[in-house]
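Asks:
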Amino acid sequence: MSEPKPPSPPERKRLSLSKPAAKAAPPARRGGAAGRPSDRPPAGQYPAPAPRPTGGIRSTLQSQAQQRAPAPVSATREAGLIRLNKRMADLGLCSRREADEWIARGWVKVNGQPADMGQPVAPDCQVEVLPQAQHQQEARVTILLHKPVGYVSGLPEDGHESAAVLISPRSHWADDRSPRRFEAWHTRGLAPAGRLDIDSTGLLVMTQDGRVARTLIGEDSGIEKEYLVRVHYIGDGPDAHPNAPLVTQNVQAALPPAQLARLRHGLSLDGQPLKPAQVDWQNPEQLRFVLTEGKKRQIRRMCEQVGLHVVGLKRIRIGKVVLGNLPVGQWRYLGATERF
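Heads up: the sequence shown runs through residues 1 to 340, numbered per UniProt numbering.
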């Protein structure tokens, strides 16, 4: 049987006039089987077309990205919310970087629900960290190194090696009381928590634990750091006469008391006033500094402003952790009961 021919245009017109539109049989799909109804909806039932954007494809993509993006930080703050990673850091659970890693792994819940990356939360929300994250954190190590002069704290620079190269089984202090045994992965992700310049020696903390790093170098850190500083006196600070005599012995007698007072409070660096410091004579040629901040080469630059030249600098304490008898160039693990 041959397929019936579609009605000619005049016949279509007559059909639409002679029968109600609702009862008219839909035309067969072009190229389909005879008598097969069309998937196309009847006339008048198409959805209204979406308005075409006027800014082109780039404008469209930007608009879609803005719809997917989280609420602006200002709007979040106005609502009294903070980002989840900051909230976790404020609670002392981990660093922000660790928080993002745990959230991505599904190890964090907020009010009983799995957390999302970048999620804003209320200050009173309940944050739960799953045991997987806690086990990972407990395995991370913190190392105390007696850094020698000539090594930089961070990445190698100007031909000088990083202090991290000293972390090996050969330089592990024999008197370390920690039950940990050195493993190669203990050096992965190990970063200095604070600087100690190339010309200085003493206690350097290197850690894999974001909590330790935040405690020592976070924005709100007030951890004390104690130094022994051997000095010479050149007089009148930066304005000293080139031929002024250099005092190398009994410097305590040569330094005016007013200059010692300025070291304690009253100096500025990089246009910012320094926090009060504890500065006292340890012996006639050596000062003891206790600082709660750590600007670049801070003690050396402070001394220059009062006419002192640093000839030796050693850090002996960070918070409650002391350098003690740890030999130069050797390291030990932070003990399980030690806290900064």
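Note that CB positions come from ideal geometry on N, CA and C, so glycine has one too.
Quick check for students: name the residue ranges of the beta strand (DSSP E) that lie wholly in the stretch 80-160, counting only runs of 3 or more.
Replies: 108-110, 127-129 and 142-147
Asks: Near D197, which residues of its chain fall below 6 Å by C-beta distance, leaving aside the five closest residues on each side in sequence?
Replies: As a working note, residue 197 is residue 197 in the sequence shown. Answer for D197: R297, listed in chain order.
Asks: Measuring only the C-alpha atoms, how far is A261 from T215?
Replies: Taking the first residue of the sequence shown as 1, we reach residue 261 at position 261. Taking the first residue of the sequence shown as 1, we reach residue 215 at position 215. Looking at the two C-alpha atoms, the distance is approximately 29 Å.
Asks: Rounded to whole angstroms, what is the Cα-Cα separation between V251 and D176?
Replies: Counted from its first residue, the sequence shown places residue 251 at position 251. Counted from its first residue, the sequence shown places residue 176 at position 176. V251 and D176: Cα-Cα distance of roughly 38 Å.
Asks: From the DSSP output, in three-state form, read off K320 for me.
Replies: Walking along the sequence shown from the start, residue 320 turns up at place 320. Three-state DSSP puts K320 in coil, outside helix and strand.
Asks: Keeping to the same chain, check which residues put their C-beta closer than 6 Å to that of G44; ignore five residues upstream and five downstream.
Replies: Indexing the sequence shown from 1 puts residue 44 at position 44. Confidence in G44 is poor, its pLDDT being 49 and thus under 50, which makes the residue's placement too unreliable to answer from.
Asks: Does DSSP put S168 in a helix, in a strand, or in coil?
Replies: To locate residue 168, count along the sequence shown from 1; it is residue 168. Three-state DSSP puts S168 in coil, outside helix and strand.
Asks: I'd like to know if the stretch 131-138 and the stretch 284-304 are in contact, where contact means that at least 3 CB-CB pairs between them fall below 8 Å.
Replies: no
Asks: Just how far apart, CA to CA, sit Q67 and V321?
Replies: Residue 67 sits at position 67 when you count from the first residue of the sequence shown. Residue 321 sits at position 321 when you count from the first residue of the sequence shown. Because Q67 carries a pLDDT of 44, less than 50, the predicted location of this residue cannot be relied on, and no value is offered for it.
Asks: For the alpha helix (DSSP H) holding V205, just list the boundary residues, first then last.
Replies: On the sequence shown, residue 205 is found 205 positions in, with the first residue counted as 1. Element bounds for V205: not the alpha helix (DSSP H) but the beta strand (DSSP E), T201 to T207.
Asks: Spatial neighbours of R339 within its chain, please: CB distance less than 7 Å, with the 5 preceding and 5 following residues excluded, ordered by chain position.
Replies: Within the sequence shown, numbered from 1, the residue matching residue 339 stands at position 339. These residues qualify, in order along the chain: K320.
Asks: What does the alpha-carbon distance come out to for the pair D209 and Y233?
Replies: Here residue 209 refers to the residue found at position 209 of the sequence shown. Here residue 233 refers to the residue found at position 233 of the sequence shown. For the pair D209 and Y233, the Cα-to-Cα distance works out to about 41 Å.
Asks: Does the distance from the CB of L203 to the CB of L323 come in under 9 Å?
Replies: Counting from 1 along the sequence shown, the entry for residue 203 is found at position 203. Counting from 1 along the sequence shown, the entry for residue 323 is found at position 323. A contact, by the Cβ cut-off of 9 Å.
Asks: Compare the C-alpha of R83 against each of G112, N111, A104 and D116 and name the closest.
Replies: Here residue 83 refers to the residue found at position 83 of the sequence shown. Taking only the C-alpha atoms, the option nearest R83 is D116.
Asks: Relative to the C-alpha of V129, which candidate in A213, K225, D90 and V108 has its C-alpha closest?
Replies: Sequence index remark: in the sequence shown, residue 129 carries index 129 (1-based). Ranking the options by Cα distance to V129, first place goes to V108.
Asks: Can you give me the C-alpha to C-alpha distance between Q132 and V290, rounded to a whole angstrom?
Replies: Numbered from 1 along the sequence shown, position 132 holds the residue referred to as residue 132. Numbered from 1 along the sequence shown, position 290 holds the residue referred to as residue 290. Cα-Cα distance, rounded: 39 Å.
Asks: Who are R230's beta bridge partners in DSSP?
Replies: By 1-based counting over the sequence shown, the position of residue 230 is 230. Paired residue(s): Q286 and G312.
Asks: Going straight from the alpha carbon of K225 to that of T292, what length do you get?
Replies: For the purposes of this step, residue 225 is taken as residue 225 along the sequence shown, with counting starting at 1. For the purposes of this step, residue 292 is taken as residue 292 along the sequence shown, with counting starting at 1. For K225 and T292, the distance between alpha carbons rounds to 6 Å.
Asks: Who are the Cβ neighbours of L274 in its own chain at under 6 Å, not counting the five residues just before and after it?
Replies: As a working mapping, residue 274 is identified with position 274 in the sequence shown. The answer, listed in chain order, is L267.
Asks: I believe L149 touches D199 by the beta-carbon criterion, under 8 Å. Please report the beta-carbon distance rounded to the nearest angstrom.
Replies: The count along the sequence shown starts at 1 and reaches residue 149 at position 149. The count along the sequence shown starts at 1 and reaches residue 199 at position 199. A quick correction: the sequence has Val, not Leu, at residue 149. The Cβ separation is near 6 Å, so the contact holds.
Asks: Assuming H146 and V328 are in contact, meaning their beta carbons sit under 8 Å apart, how far apart are those beta carbons, in whole angstroms?
Replies: Translated into positions along the sequence shown, residue 146 becomes position 146. Translated into positions along the sequence shown, residue 328 becomes position 328. Indeed they touch by this definition, with Cβ atoms about 5 Å apart.
Asks: Three-state secondary structure (DSSP) at L246?
Replies: Position 246 of the sequence shown, counted from the start, is the residue given in the question as residue 246. Correct three-state label for L246: coil.
Asks: Report, in whole angstroms, the separation of the C-beta atoms of S168 and P192, which I expect to be a contact under 8 Å.
Replies: If you number the sequence shown from 1, residue 168 lands on position 168. If you number the sequence shown from 1, residue 192 lands on position 192. Not a contact, Cβ separation roughly 17 Å.
Asks: Does the beta-carbon of E285 have 16 or more other beta-carbons within 10 angstroms, so that it is buried, or is it exposed?
Replies: Sequence index remark: in the sequence shown, residue 285 carries index 285 (1-based). Burial call: buried.
Asks: Do Q330 and H186 have their CB atoms nearer than 9 Å?
Replies: To locate residue 330, count along the sequence shown from 1; it is residue 330. To locate residue 186, count along the sequence shown from 1; it is residue 186. No, Cβ-Cβ distance for Q330 and H186 is not below 9 Å.
Asks: Flag this pair as yes or no: are the beta carbons of Y333 and T142 separated by less than 9 Å?
Replies: Taking the first residue of the sequence shown as 1, we reach residue 333 at position 333. Taking the first residue of the sequence shown as 1, we reach residue 142 at position 142. Against a cut-off of 9 Å, the Cβ pair of T142 and Y333 comes out as a contact.
Asks: Less than 8 Å between C-beta atoms, sequence neighbours within five positions excluded: which residues of the same chain meet that for V231?
Replies: To locate residue 231, count along the sequence shown from 1; it is residue 231. Correct list, in chain order: V251, E285, Q286, L287, C303, L308, H309, V310 and V311.
Asks: Nearest to K314 by CA position, among Q282, E183 and T337, is which residue?
Replies: By 1-based counting over the sequence shown, the position of residue 314 is 314. When only C-alpha atoms are compared, the closest one is Q282.
Asks: Measuring straight from C-alpha to C-alpha, what distance separates P257 and K295?
Replies: Within the sequence shown, the letter at position 257 stands for residue 257. Within the sequence shown, the letter at position 295 stands for residue 295. So the two alpha carbons sit approximately 25 Å from each other.
Asks: Over what stretch of residues does the beta strand (DSSP E) that includes R332 continue unbroken?
Replies: The residue labelled residue 332 in the question sits at position 332 within the sequence shown. Residues W331 to Y333.
Asks: Applying the criterion that 16 or more other CB atoms from any shown protein chain within 10 Å of the CB defines a buried residue, is L91 buried or exposed?
Replies: Within the sequence shown, numbered from 1, the residue matching residue 91 stands at position 91. Exposed, by the Cβ-count rule.
Asks: Select from Y227, L81 and A89 the residue whose C-alpha is nearest the C-alpha of T221.
Replies: Residue numbering aside, residue 221 sits at position 221 when the sequence shown is read from its first letter. Residue identity check: residue 221 is Ser in the sequence provided, not Thr. Comparing Cα positions, the closest option is A89.
Asks: Kindly indicate which three-state DSSP category I299 falls into: helix, strand or coil?
Replies: Residue numbering aside, residue 299 sits at position 299 when the sequence shown is read from its first letter. Three-state DSSP puts I299 in a helix.
Asks: Can you tell me which residues form a DSSP beta bridge with P192?
Replies: Indexing the sequence shown from 1 puts residue 192 at position 192. Paired residues: M206.
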